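Down below is the structure, laid out as structure tokens.
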Amino acid sequence: MNNYIIYTTVLSLFVLISLIWLVVALFRRSPSRKIAGAIFAAEALVLVCFYFFYFTPRRFPRNYLTAYPPLPATLAQTATQNGFYIGAAINRSANPTYAELVPREFNSIRPENATKWRRMLVNGKIGKYDFTEADAIVDYAIAKGVRVRGHTLVWGKFPGRTYPKELDQRIAETGDPAAELQQILGDHITTVMRHFKGRIKVWDAVNEPMSMDGPDLDKNIFLNTLGKDYIAAVFRMAHEVDPSVQLFLNEQFGNYTGEGVEVFFGLLQHLKESNVPIHGVGIQGHNIFKTHNLDEYREFLTRITDLGLLVEITEFDARIRLFEDSDDPYQAQGDYTTAYAVACIENPSCVGFTVWGLSDASTWFDSIPPFRWMLPNDPLLFDTELRPKPAYHGIKIALKRRQPR
Ligand code: 9MR
4 MNNYIIYTTV LSLFVLISLI WLVVALFRRS PSRKIAGAIF AAEALVLVCF YFFYFTPRRF
64 PRNYLTAYPP LPATLAQTAT QNGFYIGAAI NRSANPTYAE LVPREFNSIR PENATKWRRM
124 LVNGKIGKYD FTEADAIVDY AIAKGVRVRG HTLVWGKFPG RTYPKELDQR IAETGDPAAE
184 LQQILGDHIT TVMRHFKGRI KVWDAVNEPM SMDGPDLDKN IFLNTLGKDY IAAVFRMAHE
244 VDPSVQLFLN EQFGNYTGEG VEVFFGLLQH LKESNVPIHG VGIQGHNIFK THNLDEYREF
304 LTRITDLGLL VEITEFDARI RLFEDSDDPY QAQGDYTTAY AVACIENPSC VGFTVWGLSD
364 ASTWFDSIPP FRWMLPNDPL LFDTELRPKP AYHGIKIALK RRQPR
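Mapping to this note's numbering: the sequence shown position 31 is 34, numbers consecutive.
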């Protein structure tokens, strides 16, 4: 499904080669310049057509608007009755849409950004916290009886957006980087967990420890300074601050088998054997360039829960364009999303399924290239007008069959 990347790369290479040929031929006044010019023009034209094809917004039939009879109970009620968390990532609390939709349809939320380290700091200044945005979301949810998952205490990618950029500078300038980082991390974890004590009872202690470039741990500032045991150290610090809080390791996978997965299981094994207080694994579940192999994913869930860990799907979304070859893309997307959620619902140790946004009106895909140009993305359970999509119904039906833990 990521054909456009292959096509663009190959075509662009051809265009580049023809361009070089053309420039050289023109420079040497070679007779081949006309052929080079013609080939270059033809290839460039194909490339332009190709761009138009992929980046022209699509419209798919919305058969689901008439296909499903309304069911009496809401998604949140069905989930609660069957011992499951159905969640959404939330950005603002003062939005009247959320005020109504969240407690009705979701019994769990996860601040999309508000409880990230950098986001809670005034001007990115280490130690200078402003919890206004996070408190508004958390208190709103709690007042409505909705569980909050904290995201995230430590995340080593994208400095300046996840952890404060000032940290890089502080660690580079200090005489004892390990002691300095340990101190700053300890202060951060203590301040944040104490602030939300009793309100956030489950945290992603560490987010995305795996590298995006290969089957290895991400070589971020925490790993480079403290070694791979930074992960264990974060869990231990957090547990010490509040032993009643559940601590998760949260990670994104595109494949559920392979070398990277084995490195991840090696890490889990190591944490378990070292008696690190880890309670579960969060699987993000973003479907970005392709859909996931559901058989392998089901096996993967079992492998985690066989280790005695809980698991949750924490950030699910699947772009509608991944289903555009189907006769009814929204239905195909719904079937896939339902199957993905069902694998979790059927595993008693898989305790929740959270989607990365409340409705198709607001998704991170709409703001990042190239997906912002490949509209629509429509990856969630409710459409832009907040009408339930096929997976909403599929998940609700599946929840009724959930076996209690
Ligand atoms: O959706 C989030 C986006 O608004 C932020 O700019 C970005 C950086 O903080 O994080 C996005 O959420 C990510 C999540 O925190 C961790 N897993 C991947 C998510 C999508 O990038």
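A virtual CB, placed ideally from N, CA and C, is assigned to each residue, including glycine. Everything numeric in this text was worked out from a predicted model, so none of it was measured.
Using a threshold of 8 Å, state whether the C-beta atoms of residue i and residue j are closer than that.
{"i": "A241", "j": "I192", "result": "yes"}
{"i": "H297", "j": "A342", "result": "Note that residue 297 is Leu in the sequence shown, not His. Their beta carbons are under 8 Å apart, which means L297 touches A342 by this criterion."}
{"i": "L104", "j": "L361", "result": "yes"}
{"i": "E315", "j": "G285", "result": "yes"}
{"i": "N110", "j": "Q334", "result": "no"}
{"i": "K160", "j": "E211", "result": "yes"}
{"i": "G130", "j": "D179", "result": "no"}
{"i": "G148", "j": "P106", "result": "yes"}
{"i": "T155", "j": "K119", "result": "yes"}
{"i": "N253", "j": "Q287", "result": "yes"}
{"i": "P382", "j": "A321", "result": "yes"}
{"i": "R173", "j": "Y88", "result": "no"}
{"i": "L313", "j": "T294", "result": "no"}
{"i": "T387", "j": "D369", "result": "no"}
{"i": "L188", "j": "V157", "result": "yes"}
Between the alpha carbons of residue i and residue j, how many angstroms are there, rounded?
{"i": "C353", "j": "I23", "result": "56 Å"}
{"i": "T77", "j": "K399", "result": "8 Å"}
{"i": "I93", "j": "A47", "result": "43 Å"}
{"i": "A199", "j": "V244", "result": "Checking the sequence, you will find Phe at residue 199 rather than Ala. Rounded to whole angstroms, F199 to V244 spans 11 Å at the Cα level."}
{"i": "E169", "j": "R202", "result": "29 Å"}
{"i": "L2", "j": "M123", "result": "The question about residue 2 has no answer, for the chain in this structure spans 4 to 408."}
{"i": "V18", "j": "M377", "result": "23 Å"}
{"i": "M4", "j": "E327", "result": "Unreliable placement is indicated for M4, whose pLDDT of 46 sits below 50; the coordinate value is still reported in the next sentence. Each residue's Cα considered, the two are about 9 Å apart."}
{"i": "G269", "j": "D207", "result": "19 Å"}
{"i": "I20", "j": "F303", "result": "44 Å"}
{"i": "R408", "j": "V13", "result": "51 Å"}
{"i": "F225", "j": "A28", "result": "53 Å"}
{"i": "M196", "j": "S15", "result": "50 Å"}
{"i": "Q272", "j": "Y339", "result": "31 Å"}
{"i": "L310", "j": "F374", "result": "37 Å"}
{"i": "R390", "j": "V51", "result": "36 Å"}
{"i": "R31", "j": "F56", "result": "37 Å"}
Between residue i and residue j, how many whole angstroms is the CB-CB distance? I'm expecting something under 8 Å.
{"i": "G90", "j": "R152", "result": "7 Å"}
{"i": "H213", "j": "F267", "result": "According to the sequence displayed, residue 213 carries Met and not His. The pair is a contact, with the Cβ atoms about 6 Å apart (cut-off 8 Å)."}
{"i": "V358", "j": "L384", "result": "6 Å"}
{"i": "R121", "j": "G163", "result": "7 Å"}
{"i": "F319", "j": "V279", "result": "Rounded, the Cβ-Cβ distance is 27 Å, inconsistent with contact."}
{"i": "P379", "j": "I307", "result": "With 8 Å as the limit, P379 and I307 do not qualify as a contact, their Cβ atoms being about 33 Å apart."}
Where do the N-terminal and C-terminal ends of the beta strand (DSSP E) with residue i fall, by residue?
{"i": "E318", "result": "L313 to A321"}
{"i": "I281", "result": "Per DSSP, I281 belongs to no beta strand (DSSP E) and is neither H nor E."}
{"i": "G263", "result": "G263 -> not in any beta strand (DSSP E); alpha helix (DSSP H) instead, spanning E262 to E276."}
{"i": "H295", "result": "Taken as a continuous stretch (DSSP letters only), H295 belongs to no beta strand (DSSP E), as it is neither H nor E."}
{"i": "Q249", "result": "Q249 to E254"}
{"i": "L184", "result": "Careful: L184 lies outside any beta strand (DSSP E), inside the alpha helix (DSSP H) at P180 to H198."}
{"i": "A82", "result": "Looking at the DSSP string, A82 is not in any beta strand (DSSP E); the run it does join, the alpha helix (DSSP H), is L78 to Q84."}
{"i": "V345", "result": "Counting along the chain, V345 falls outside any beta strand (DSSP E), though it belongs to the alpha helix (DSSP H) covering P332 to I348."}
{"i": "V151", "result": "R150 to W158"}
Between which two residues does the alpha helix (DSSP H) containing residue i stretch?
{"i": "P99", "result": "P99 to E108"}
{"i": "F225", "result": "I224 to L229"}
{"i": "Y54", "result": "R36 to F58"}
{"i": "R239", "result": "Y233 to V244"}
{"i": "Y88", "result": "First-last for Y88: Y88 to I93, but that is the beta strand (DSSP E), not the alpha helix (DSSP H)."}
{"i": "P393", "result": "P393 to L402"}
{"i": "I203", "result": "Segment: none, I203 is in no alpha helix (DSSP H) and carries neither H nor E."}
{"i": "V358", "result": "Counting along the chain, V358 falls outside any alpha helix (DSSP H), though it belongs to the beta strand (DSSP E) covering C353 to V358."}
Does residue i pass the burial test, meaning 16 or more other C-beta atoms within 10 Å, or should it be called exposed?
{"i": "P351", "result": "exposed"}
{"i": "M215", "result": "exposed"}
{"i": "Q84", "result": "exposed"}
{"i": "F43", "result": "buried"}
{"i": "R113", "result": "buried"}
{"i": "A70", "result": "exposed"}
{"i": "G230", "result": "exposed"}
{"i": "N290", "result": "buried"}
{"i": "A45", "result": "exposed"}
{"i": "P332", "result": "buried"}
{"i": "C347", "result": "buried"}
{"i": "F356", "result": "buried"}
{"i": "V209", "result": "buried"}
{"i": "F63", "result": "buried"}
{"i": "R404", "result": "exposed"}
{"i": "F256", "result": "buried"}
{"i": "A82", "result": "buried"}
{"i": "N223", "result": "buried"}
{"i": "V141", "result": "buried"}
{"i": "G263", "result": "buried"}
{"i": "I72", "result": "The identity of residue 72 in the sequence shown is Pro, whereas the question assumes Ile. Per the 10 Å Cβ criterion, exposed."}
{"i": "A175", "result": "exposed"}
{"i": "G261", "result": "exposed"}
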